[in-house]
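Going by the working numbering, the letters in the sequence shown line up with residues 15 to 485, in that order. In this text, a Cβ means the ideal position worked out from N, Cα and C, and glycines have one as well. Only a predicted model underlies this, so the values are computations on that prediction, with no experimental measurement involved. Below is one structure, written out as structure tokens, with a few remarks after it.
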Amino acid sequence: MDSAQAKLFADSLMGSTVGGWTIDESFGNGKSAVVLSAERDGVKGALKVFHPELIERYGRDVQLARIDRERSLIGQSHPHLVTILDGGSCVATGHLFVVMERLPYKNLHEARSTVPPDKYGTLISQIASAARFLEDLGLAHRDIKPENIAVTDDSERAILLDLGVLLPVGLSNLTDAFQRPFIGTLRYSSPEFLDRKEQDTTEGWRAVTFYQMGAVLHDLIMQKPIFEDASEPFSILVDAVRHTNPPISGGDPNLMHLARRALVKEPATRLNLVKWSDFENAAAPPQASLEDRRKGILERQMLSRVTNVTPDLAQVEVRRLYLQRMDMFSRRLDTRLASVLAELGCFPLRSCSIEPGPDDTRNLLLQFSRDESMGMPFALTLLLTVSEIDYNEGLPLYMIACSAALSTKSLEISDLSPAEAIFKGTEEDLYGSSLLQTMLTDVLVAYYDLLEASPIDDGAMRTLTFAGAKP
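Written out as structure tokens, the structure reads:
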């Protein structure tokens, strides 16, 4: 949902009632919902109303399940966790909504420069207490970041916000499958969470939580967002999350040491180096005994072993150039596909996204809308996976693998069958041939052949078999 859509949606709700809450003002919007000022029976709240487009894309039952997770916290109270007041489906309008307490404070991203350094430990310990409260209830927050932390004007109190991606521990495969590729905020995600390789256990999600709190502590100490210098292009940020240890200096030694330990890339090592008590005591570390100091030395030595592996500068440059080549080739391929599709003139409207894949591959996901007028009652999804298989005397050789499916809903990359190679060669070889035209035509022929072969049930997904890509 872009800002224009959000404004139109918020304006349409102004003065109306959703779930018994009367709306009088707009606070802003996120990717999936608008946040509005609302009141019911004299109680003021922040009302989040989900955009119908999101509901249509992911399904009403899925979104209601997420809301029910937040509703499970109604009546649960913690001084550093936002209070949930209400939520569900509005009988009158059909809108799905959640109501939280109104907090007249800036978030930590906005207030970062005004927080005194002697308050850093206090705030991080408070956020840790809220995260541990959720863990004790069997829940993982999954999106702890400065934007999701409210801070009072005197910097005495922090409140953890945005419980929209809350997850019951041990149920991710049942309740979160539609988002399995990734949910959260890339910059503040641990490497295992980014790659969706986290363990769906209390310890696995604790490792993710510790990393995210370490990233928040980094931002306070360094007074800038983590990996700020690696923001563009997107693939560079992904690479930084996976491989770069951010420098942390100039702050309280205990807090710097805590942040460095929490940001260790390997989750098992992270849990060996960090405990809940480290965050909870961040405001006033207890007097260390001789044994504690010895353990601290061992921790520093372990941290040094896992973080001070300095790659050769030449290797760093080789990797940077490789990622740059992959991004540029993927964008040019996207442009060429758009040109070929326009030339063919027989495909419905589409969207295209380019996403990093395993082993530094690139995934081009083309999603074509249903179009009854073209005899296409099902959505068509096409996945092209690009990898560089050789770099011979300055000439890169690429491989493109392809898979396709039809379905009644939008598909994620993980929904598709493994792609099979349809091309190996140079970029000149690819664009000097008619391979893309042939591949796209074969996909569409396979689509119609499958429709005519047998009836397809609503809700079904069928993999397409076509020349050059046999499942």
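Beta-bridge pairing of residue i - partner residues as DSSP gives them
{"i": "asparagine 377", "result": "Glu369, Thr399"}
{"i": "phenylalanine 23", "result": "Looking at the DSSP assignment, phenylalanine 23 forms no beta bridge with any residue, so it has no partner."}
{"i": "valine 113", "result": "Leu61, Asp100"}
{"i": "aspartate 385", "result": "Met390"}
{"i": "isoleucine 414", "result": "Val400, Phe437"}
{"i": "valine 32", "result": "Trp35"}
{"i": "arginine 476", "result": "Leu420"}
{"i": "lysine 120", "result": "Val165"}
{"i": "leucine 95", "result": "Leu174"}
{"i": "leucine 153", "result": "Pro182"}
{"i": "asparagine 286", "result": "In DSSP, asparagine 286 forms no bridge with anything."}
{"i": "leucine 409", "result": "Asn406"}
{"i": "arginine 364", "result": "Phe382"}
Residue i burial status per 10 Å Cβ neighbour count (16 or more: buried)
{"i": "asparagine 121", "result": "buried"}
{"i": "glutamate 206", "result": "buried"}
{"i": "cysteine 493", "result": "Since the first residue of the chain shown is 15 and the last is 485, residue 493 is not available in this structure."}
{"i": "tyrosine 405", "result": "exposed"}
{"i": "glycine 33", "result": "buried"}
{"i": "glutamate 212", "result": "buried"}
{"i": "aspartate 456", "result": "buried"}
{"i": "aspartate 16", "result": "exposed"}
{"i": "proline 267", "result": "exposed"}
{"i": "proline 130", "result": "exposed"}
{"i": "tyrosine 445", "result": "exposed"}
{"i": "aspartate 167", "result": "exposed"}
{"i": "glutamate 466", "result": "exposed"}
{"i": "isoleucine 173", "result": "buried"}
{"i": "arginine 201", "result": "buried"}
{"i": "aspartate 274", "result": "Reading off the sequence shown, one finds arginine at residue 274, where the question assumed aspartate. Looking at its Cβ environment, which holds 16 or more other Cβ atoms inside 10 Å, arginine 274 is buried."}
{"i": "leucine 358", "result": "exposed"}
{"i": "arginine 376", "result": "buried"}
{"i": "leucine 188", "result": "Because the pLDDT of leucine 188 is 42, which lies under 50, any placement of that residue in the model is unreliable, and the number read from its coordinates should be weighed accordingly. That one is exposed."}
{"i": "phenylalanine 382", "result": "buried"}
{"i": "threonine 223", "result": "buried"}
{"i": "phenylalanine 248", "result": "exposed"}
{"i": "threonine 395", "result": "buried"}
{"i": "valine 48", "result": "buried"}
{"i": "aspartate 38", "result": "exposed"}
{"i": "valine 493", "result": "Residue 493 lies beyond the residue range present for the chain, which begins at 15 and ends at 485; the question has no answer from this structure."}
{"i": "proline 370", "result": "buried"}
{"i": "valine 183", "result": "buried"}
{"i": "alanine 191", "result": "For alanine 191, the pLDDT reaches just 40, beneath the cut-off of 50, and the residue's location in the model is therefore unreliable, although a value from the coordinates is still provided. Classification of alanine 191: exposed, given that the 10 Å Cβ count is below 16."}
{"i": "glutamine 226", "result": "buried"}
{"i": "leucine 208", "result": "buried"}
Nearest residue (CA-CA) to residue i, options the options
{"i": "leucine 73", "options": "Val179, Ser51, Thr422, Gly29", "result": "Before going further, note that residue 73 is glycine rather than leucine in the sequence given. Taking only the C-alpha atoms, the option nearest glycine 73 is Thr422."}
{"i": "leucine 379", "options": "Ala418, Gln237, Gln90", "result": "Ala418"}
{"i": "glutamine 90", "options": "Ala79, Val76, Met114", "result": "Met114"}
{"i": "aspartate 429", "options": "Phe41, Val459, Ile141, Leu397", "result": "Leu397"}
{"i": "leucine 148", "options": "Arg220, Leu208, Phe41", "result": "Arg220"}
{"i": "glycine 42", "options": "Glu70, Phe392, Lys58, Ala18", "result": "Ala18"}
{"i": "serine 11", "options": "Thr107, Leu269, Phe111, Gln77", "result": "Shown here, the chain extends from 15 to 485; a query on residue 11 therefore has no answer."}
{"i": "proline 372", "options": "Thr399, Thr97, Leu312, Met390", "result": "Thr399"}
{"i": "leucine 277", "options": "Arg256, Ser291, Ala296", "result": "Arg256"}
{"i": "leucine 175", "options": "Thr395, Asp38, Pro118", "result": "Pro118"}
{"i": "isoleucine 65", "options": "Val105, Thr31, Leu22", "result": "Per the sequence shown, the amino acid found at residue 65 is histidine instead of isoleucine. For histidine 65, the nearest C-alpha among the options comes from Leu22."}
{"i": "valine 63", "options": "Asp55, Val57, Thr36", "result": "Thr36"}
{"i": "threonine 479", "options": "Tyr461, Ser468, Lys45, Asp471", "result": "Tyr461"}
{"i": "leucine 27", "options": "Val288, His109, Pro261", "result": "His109"}
{"i": "arginine 334", "options": "Ala20, Leu251, Gly439", "result": "Leu251"}
{"i": "serine 86", "options": "Ala144, Leu181, Gln226", "result": "Leu181"}
{"i": "tyrosine 513", "options": "Leu208, Gly184, Asp214, Leu272", "result": "Within the shown structure, residues of the chain are numbered from 15 to 485, placing residue 513 beyond reach of any answer."}
{"i": "serine 204", "options": "Gly184, Phe241, Ser169", "result": "Phe241"}
{"i": "aspartate 471", "options": "Asp463, Glu426, Leu420, Phe437", "result": "Leu420"}
{"i": "glycine 228", "options": "Thr215, Asp157, Thr216, Ala164", "result": "Asp157"}
{"i": "glycine 389", "options": "Met413, Asp463, Val96, Leu317", "result": "Asp463"}
{"i": "glutamate 294", "options": "Pro260, Phe392, Ser143, Leu61", "result": "Ser143"}
{"i": "tryptophan 290", "options": "Asp55, Ile69, Arg350, Glu217", "result": "Glu217"}
Interface flag, residue i vs chain C, CB-CB below 8 Å
{"i": "arginine 116", "result": "Here chain C cannot be found, since the structure has a single protein chain."}
key: contact_flag[the stretch 116-135, the stretch 232-246] where n(CB pairs < 8 Å) is 3 or more   = As far as the Cβ criterion goes, the stretch 116-135 touches the stretch 232-246, which means the pair count is three or higher.
message = Would the stretch 278-287 count as touching the stretch 151-159 if we require 3 or more Cβ pairs under 8 Å?
response = Pairwise C-beta distances place the stretch 278-287 out of contact with the stretch 151-159, as fewer than three of them are shorter than 8 Å.
ask   = Which runs of the alpha helix (DSSP H) fall wholly inside the stretch 424-450 and span at least 4 residues, in chain order?
value = Listed in chain order, they are 441-445.
inquiry  = Please give the ranges of any alpha helix (DSSP H) in the stretch 158-244, keeping only runs that are unbroken, at least 4 residues long and fully inside the region.
reply    = Within the stretch 158-244, the runs of alpha helix (DSSP H) that reach at least 4 residues and sit entirely inside it are, in chain order, 186-189, 205-208, 216-236.
ask   = Quick one: complete alpha helix (DSSP H) runs, 4+ long, within the stretch 35-91?
value = Whole alpha helix (DSSP H) segments, 4+ residues: 66-72, 74-85.
task = Answer yes if the stretch 74-85 comes into contact with the stretch 432-450, meaning at least three C-beta pairs across the two stretches below 8 Å, and no otherwise.
result = No, the stretch 432-450 is not in contact with the stretch 74-85.
The stretch 448-462 contacting the stretch 353-362, beta-carbon criterion three pairs below 8 Å = Taking 8 Å as the limit for Cβ pairs, the verdict is that the stretch 353-362 does touch the stretch 448-462.
request  = For the stretch 24-33 and the stretch 99-106, state whether three or more C-beta atom pairs, one from each stretch, are separated by less than 8 Å.
outcome  = They touch, by the three-pair rule.
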